[in-house]
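Remarks on the structure that follows.
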């Protein structure tokens, strides 16, 4: 019973942080979105949506090292949005990590869209 009482406020805080972050992301306020996604991740560190969106935000700000760090966490989650495979590949390519990028493009080709993934993998 005590654990449930603790979980409910944390869940509400997580949802509130995600709502705020998604609104900021939608208006391209990526710096603010990063802060809000981080608050959400403080409450639920393995949330695929928060990890993916914070990675996207860093990518949009051209902060590729940070984007790669969060994409690496996001793609390990079972419920990851599979487009993050492609975005992770783009970020790795931008960082000059071509062999790693190719592997993520091929993963995207296998799991999502063969034509697109294979085109980038060439």
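Numbering (my numbering), first residue to last: 4 to 125. Every residue, glycine too, gets a C-beta built ideally from N, C-alpha and C.
Assuming contact is defined by CB atoms lying nearer than 8 Å, are residue i and residue j in contact in what I supplied?
{"i": "residue 98", "j": "residue 67", "result": "yes"}
Using only the alpha-carbon positions, how far apart do residue i and residue j sit?
{"i": "residue 198", "j": "residue 58", "result": "Any property of residue 198 remains undetermined from this structure, which presents the chain solely from 4 to 125."}
{"i": "residue 104", "j": "residue 41", "result": "26 Å"}
{"i": "residue 15", "j": "residue 81", "result": "23 Å"}
{"i": "residue 78", "j": "residue 111", "result": "11 Å"}
{"i": "residue 55", "j": "residue 27", "result": "15 Å"}
{"i": "residue 21", "j": "residue 125", "result": "37 Å"}
{"i": "residue 94", "j": "residue 71", "result": "6 Å"}
{"i": "residue 39", "j": "residue 33", "result": "10 Å"}
{"i": "residue 121", "j": "residue 87", "result": "16 Å"}
{"i": "residue 47", "j": "residue 18", "result": "10 Å"}
{"i": "residue 13", "j": "residue 31", "result": "27 Å"}
{"i": "residue 37", "j": "residue 64", "result": "10 Å"}
{"i": "residue 24", "j": "residue 35", "result": "7 Å"}
{"i": "residue 29", "j": "residue 106", "result": "30 Å"}
Taking residue i and residue j to be in contact with their CB atoms under 8 Å, please state how far apart those CB atoms are, rounded to whole angstroms.
{"i": "residue 74", "j": "residue 52", "result": "No, residue 74 and residue 52 are not in contact; Cβ-Cβ is about 13 Å, not under 8 Å."}
{"i": "residue 108", "j": "residue 123", "result": "4 Å"}
{"i": "residue 61", "j": "residue 69", "result": "4 Å"}
{"i": "residue 85", "j": "residue 114", "result": "6 Å"}
With 8 Å as the threshold, decide whether the Cβ of residue i is near any Cβ in chain D.
{"i": "residue 51", "result": "In the structure shown, chain D cannot be found, because there is only a single protein chain."}
Could you tell me which whole alpha helix (DSSP H) segments of length 4 or greater appear in the region 14-88? 33-46, 51-63, 67-77
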